[in-house]
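*Asks:* Protein chains in written order, with the numbering used here: chain D, 1 to 310; chain W, 311 to 635; chain V, 636 to 923.
(1) Run through DSSP, which three-state label would residue 166 of chain D get?
(2) In whole angstroms, what is the alpha-carbon distance linking residue 230 of chain D and residue 285 of chain D?
(3) Using Cβ-Cβ distances below 9 Å, what residues of the stretch 205–218 of chain D are close to chain W?
(4) Please list, in chain order, all residues of the same chain as residue 613 of chain W whose beta carbon is under 6 Å from its beta carbon, the five residues on each side excluded.
(5) In this structure, how does DSSP classify residue 200 of chain D when only helix, strand and coil are distinguished?
(6) Is it true that the CB of residue 853 of chain V sits closer than 8 Å to the CB of residue 233 of chain D?
(7) Sorted by chain position, which residues of the same chain lie with C-beta nearer than 8 Å to residue 225 of chain D's C-beta, five sequence neighbours on each side aside?
(8) Between the stretch 224–255 of chain D and chain W, which residues of the former have CB atoms less than 8 Å from a CB of the latter, in chain order?
(9) Is residue 811 of chain V buried or exposed, if buried means 16 or more other CB atoms sit within 10 Å of its CB?
(10) Of all Cβ atoms in chain V, is any one closer than 8 Å to the Cβ of residue 124 of chain D?
(11) Verify whether the separation of the beta carbon atoms of residue 482 of chain W and residue 522 of chain W is less than 8 Å.
(12) Let me check understanding here. Comparing Cα to Cα, which of V/859, V/820, V/803 lies closest to residue 835 of chain V?
(13) Can you give me the Cβ contacts of residue 772 of chain V inside the same chain, cut-off strictly under 7 Å, excluding the 5 residues immediately before and after it?
(14) Any idea what DSSP makes of residue 648 of chain V, helix, strand or coil?
(15) DSSP on residue 415 of chain W, reduced to helix/strand/coil?
(16) The alpha helix (DSSP H) that contains residue 795 of chain V, what's its start and end?
(17) Do residue 670 of chain V and residue 719 of chain V have their beta-carbon atoms positioned less than 8 Å apart in this structure?
(18) With DSSP as the reference, please indicate the residues paired to residue 347 of chain W in a beta bridge.
(19) For residue 394 of chain W, which residues from the same chain have a beta carbon less than 8 Å from its beta carbon, with the 5 sequence-adjacent residues on both sides left out?
(20) Which residues, in chain order, does the stretch 422–434 of chain W contribute to contact with chain D at a C-beta distance below 8 Å?
(21) Apply the 10 Å Cβ neighbour rule to residue 464 of chain W and answer buried if 16 or more other Cβ atoms are within range, or exposed otherwise.
(22) Which of helix, strand or coil does DSSP assign to residue 466 of chain W?
(23) Measuring straight from C-alpha to C-alpha, what distance separates residue 319 of chain W and residue 629 of chain W?
(24) Run through DSSP, which three-state label would residue 625 of chain W get?
(25) For residue 856 of chain V, count neighbouring C-beta atoms within 10 Å of its own C-beta (all shown protein chains included) and say buried if the count is 16 or more, exposed if not.
(26) From the DSSP output, which residues share a beta bridge with residue 336 of chain W?
(27) Could you name the residues of the same chain whose beta carbon sits closer than 6 Å to that of residue 635 of chain W, not counting the 5 residues immediately before and after it, in chain order?
(28) For the alpha helix (DSSP H) that residue 450 of chain W lies in, which residues bound it at each end?
(29) Tell me whether residue 2 of chain D sits in a helix, a strand or coil according to DSSP, three-state version.
(30) Against residue 605 of chain W, what residues of chain D qualify as contacts under a CB-to-CB distance less than 7 Å, listed in chain order?
(31) Report the partner residues of residue 342 of chain W according to the DSSP bridge assignment.
(32) Should residue 507 of chain W be flagged as near chain D, meaning a C-beta pair shorter than 8 Å?
(33) Should residue 167 of chain D go down as buried or exposed, given a rule of 16 or more other Cβ atoms within 10 Å for buried?
(34) Who are the neighbours of residue 453 of chain W on chain D, taking C-beta pairs under 7 Å?
(35) Can you tell me whether DSSP reads residue 557 of chain W as helix, strand or coil?
(36) Would residue 473 of chain W pass as a contact of residue 452 of chain W if the rule is Cβ separation under 8 Å?
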């Protein structure tokens, strides 16, 4: 098989014994050297995951994958959070305006934006921003997470939070500056999806009787919109939570474009070295993250709806 | 068209109103040339089947016809002012304050995320800018008027039954002391015993506060029982109008007669109850001439050809039927 | 009153339900057709070999090289043209695989119900929940580089999409009485499914297809951006985008602008077709 990880580690000329030994270690064969069936391998792996053991990296001196992942995870989380904020800000406003001005030019334009924005290939938009704002205008740094030479004490791993907690204002300023372009890139591309979700949710709510009843009481439009938004917010949030996978994918592409030291860059790096264990571990972590977010969204939904609370 | 006469007694005067909805199937002429007056402190009942346009009529008065529907012709004079000529801001000041509305489905007419006391407080404050505590006091008072105790002030809508929610809606409708309350099928979604209570409540409040009440419903029996004046709607038009005694005792229009016959009522002597034959007219393409003629037992040749003029008779009744030309 | 009537007729005329859908769909078709033309007529539109150095390194757009050259002296314009071939082949191949795998499974699952339905659905759902690009990357990393491998990797990501669509449509059509009637007279399941259920799926299928291809384009671009699609030096827009990035700070803009624009054009094109078809096939009043 091309790219056989074992061979790529030991080289083409290793002894039979050495190869077998390694295979045994990786769980590919059992004690007697017979290949382990795939499902047993999978079962082993799952068991290990539960024990917190994602295996060891195939390179870098067999450093546990889990540690490597934990090193890179905070960067991705930070980028994802900020990207999320940007996409909500743009997406929610676009969706609400679009719903309120339904069937007008603004609505059509915003809906078009929703369609087009997702098709903007993230690396390209990122590079466009780099060209424009970093290289030509010099407003923001081209890449990286923080200025070289600057250091933030590791508490949460989120530079912005940590620099505030430690009162490190230069680091804060630098982190924020480095966050602008990547967050904008991620945020703009994902905002289209959110604007459509918001629009649909708002339209759903605005067509309900209590909105007409509120209008019949002569309440001003902005109050009506506020009520509609409050009611639409829970379904919107839920749906956004379900889009977390989208956000994660976007984050990975953004990271590789901006040399952002998170899971995306980690992934890219390990692919180049054919470090399959690390790849597997990353994929597992992604799956866990997505499940966690879905769980959290469910809990928030249950909490925020008074009908369920009481 | 000869309509009702307007006097200083008239608080609402709808003249030649046309409200249409454009749809992919055609233009639905929900309200097609309606003239109707309501006198001060009068209890007016507007009766009709679904599809008669009666709900649209109520929404038109408040200019709340949902898009793509639009009022395209006519005037609605309230206390001397033509509501159709007001700006949006001015109309908003009329809503809730001078004219208010009670809607059909109490289950969906309240914001599920807001406490019921909050609904009333908000309405009062947004119209009159009083302090929170003042508004809360007034809200409690008006809730008491509709029979809801102060201990329920901070409850959410889903904690109330349908009948109770409708009482809240009524409280909302009267909290700013309007002159006219339009109730659009306020009891349809409730069970029979509760229906009677709600209608009683509305009648009481009307007397106590001197309100003009316009009840829109399909329940002819309820209307004859309680209303001062009755208007019968069919296919977007008013086909008959009179006092409750006139309509209940001697209905002129064949449709009204049919409605009366098909209404089960323990007080009427007639033992047979029949329904009106034929389907409800398609509002994108209503029958030519008199709209009721396909279902009318007394239809004559002229009925399919020309629309009957709606005329005012000597006894003050109004009817649109070739039988009475 | 006249003004009200005029306003009203304006409202009605704005009400042509077919108008917008067609416009959008046509715009999208135009974009896609443009790319297809480039791909099909590539050999006629350029004389350069896109896999070979044919000019000076890193030269800006000129009469000789319409879109400039990259570091290895490859003609960017040619790489755009032949890159169109690459991406179209990979995307369409993968879509076809997804459909051939997903649709029949969906039909079977929806029609059979019960254990069969549940077991297949569980598998499909677990794939579906997974972020597309990550799954594709994982698959491609395992399979290795190559056009077929890349197509398969992408295909796996989208099988659940077609599966769900086919299954959903089957379920809703299954409920209709004429299907019951046919079963009562003893029609074979196969006949029912292929002659009656399948044709009803077509309108939804076209919409799902277009939107899905748009997504597949972006996934392929992402894959090739990571170097996991076709091997160099076969022209692939995503790969070229990545290759050109290091030269940005020095101002070599043509290396990334053109590949990026093409990716976006293709993706937007298919999206517009999908959205336009969506407007046309769903009833206006019911839509929000």
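We treat Cβ as the ideally placed atom computed from N, Cα and C, and that holds for glycine.
Treat the numbers as computed from the prediction; the structure is a model and nothing was measured.
*Replies:* Walking through what the data contain:
(1) Counting from one through the first chain, the residue named residue 166 of chain D turns up at place 166. DSSP places residue 166 of chain D in coil when its eight states are reduced to three.
(2) Looking up residue 230 of chain D in the first chain gives position 230. Looking up residue 285 of chain D in the first chain gives position 285. Roughly 34 Å separates the two Cα atoms.
(3) 207, 208, 209, 210, 211, 212, 213, 214, 215, 216, 217, 218
(4) Looking up residue 613 of chain W in the second chain gives position 303. The residues are 599, 600, 603, 632.
(5) For the purposes of this step, residue 200 of chain D is taken as residue 200 along the first chain, with counting starting at 1. Here residue 200 of chain D sits in helix by DSSP.
(6) To locate residue 233 of chain D, count along the first chain from 1; it is residue 233. To locate residue 853 of chain V, count along the third chain from 1; it is residue 218. No.
(7) Taking the first chain and counting its residues from 1, the one referred to as residue 225 of chain D is at position 225. So the list reads 96, 100, once near-sequence residues are dropped.
(8) 227, 230, 231
(9) Here residue 811 of chain V refers to the residue found at position 176 of the third chain. Looking at its Cβ environment, which holds fewer than 16 other Cβ atoms inside 10 Å, residue 811 of chain V is exposed.
(10) To locate residue 124 of chain D, count along the first chain from 1; it is residue 124. Residue 124 of chain D counts as touching chain V.
(11) Position 172 of the second chain, counted from the first residue, corresponds to residue 482 of chain W. Position 212 of the second chain, counted from the first residue, corresponds to residue 522 of chain W. No, these two residues do not count as a Cβ contact at 8 Å.
(12) Mapped onto the third chain, residue 835 of chain V falls at position 200. When each option's Cα is compared against that of residue 835 of chain V, the closest is V/803.
(13) One-based indexing of the third chain puts residue 772 of chain V at position 137. For residue 772 of chain V, where only same-chain residues beyond five positions count, the Cβ hits under 7 Å are 858, 861, 863.
(14) Translated into positions along the third chain, residue 648 of chain V becomes position 13. Note that residue 648 of chain V has pLDDT 49, beneath the 50 cutoff, so the model's placement of it is unreliable and no number is given.
(15) In the second chain, counting from the first residue as 1, residue 415 of chain W sits at position 105. Note: residue 415 of chain W maps to coil in three-state DSSP.
(16) Position 160 of the third chain, counting from 1, holds the residue named residue 795 of chain V. 782–809 is the span of the alpha helix (DSSP H), which, as asked, contains residue 795 of chain V.
(17) Looking up residue 719 of chain V in the third chain gives position 84. Looking up residue 670 of chain V in the third chain gives position 35. Yes.
(18) Sequence index remark: in the second chain, residue 347 of chain W carries index 37 (1-based). According to DSSP, residue 347 of chain W bridges with W/323.
(19) The residue given as residue 394 of chain W occupies position 84 in the second chain. Here the set comprises 373, 381, 384, 385, 386.
(20) 422, 423, 424, 432, 433
(21) Locating residue 464 of chain W in the second chain gives position 154, where the first residue counts as 1. With fewer than 16 Cβ atoms within 10 Å of its Cβ, residue 464 of chain W is classed as exposed.
(22) Locating residue 466 of chain W in the second chain gives position 156, where the first residue counts as 1. Coil.
(23) Here residue 319 of chain W refers to the residue found at position 9 of the second chain. Here residue 629 of chain W refers to the residue found at position 319 of the second chain. About 22 Å.
(24) Taking the first residue of the second chain as position 1, residue 625 of chain W is located at position 315. The answer is coil: DSSP assigns residue 625 of chain W none of H, G, I, E or B.
(25) For the purposes of this step, residue 856 of chain V is identified with residue 221 of the third chain, where counting begins at 1. It counts as buried.
(26) Position 26 of the second chain, counting from 1, holds the residue named residue 336 of chain W. Residue 336 of chain W pairs with W/333.
(27) For this step, residue 635 of chain W is matched to residue 325 along the second chain. Taken in chain order, the list of residues that qualify is empty.
(28) Start at 1 with the first residue of the second chain, and residue 450 of chain W comes out as number 140. Element bounds for residue 450 of chain W: 442–455.
(29) Walking along the first chain from the start, residue 2 of chain D turns up at place 2. Confidence at residue 2 of chain D is low in this model, with a pLDDT of 41, below 50, so its placement is unreliable and the value that follows should be read with caution. Of the three classes helix, strand and coil, the one that applies to residue 2 of chain D here is coil, per DSSP.
(30) Your numbering for residue 605 of chain W matches position 295 in the second chain. Here the premise fails: no neighbours, minimum Cβ distance about 32 Å.
(31) On the second chain, residue 342 of chain W is found 32 positions in, with the first residue counted as 1. For residue 342 of chain W, which the question treats as bridged, DSSP gives the partners W/328.
(32) What you label residue 507 of chain W is simply residue 197 of the second chain in a count that begins at 1. Closer than 8 Å: no.
(33) Residue numbering aside, residue 167 of chain D sits at position 167 when the first chain is read from its first letter. Classification for residue 167 of chain D: exposed.
(34) By 1-based counting over the second chain, the position of residue 453 of chain W is 143. Here the premise fails: no neighbours, minimum Cβ distance about 15 Å.
(35) Mapped onto the second chain, residue 557 of chain W falls at position 247. The answer is helix: DSSP assigns residue 557 of chain W an H, G or I state.
(36) Taking the second chain and counting its residues from 1, the one referred to as residue 473 of chain W is at position 163. Taking the second chain and counting its residues from 1, the one referred to as residue 452 of chain W is at position 142. No.
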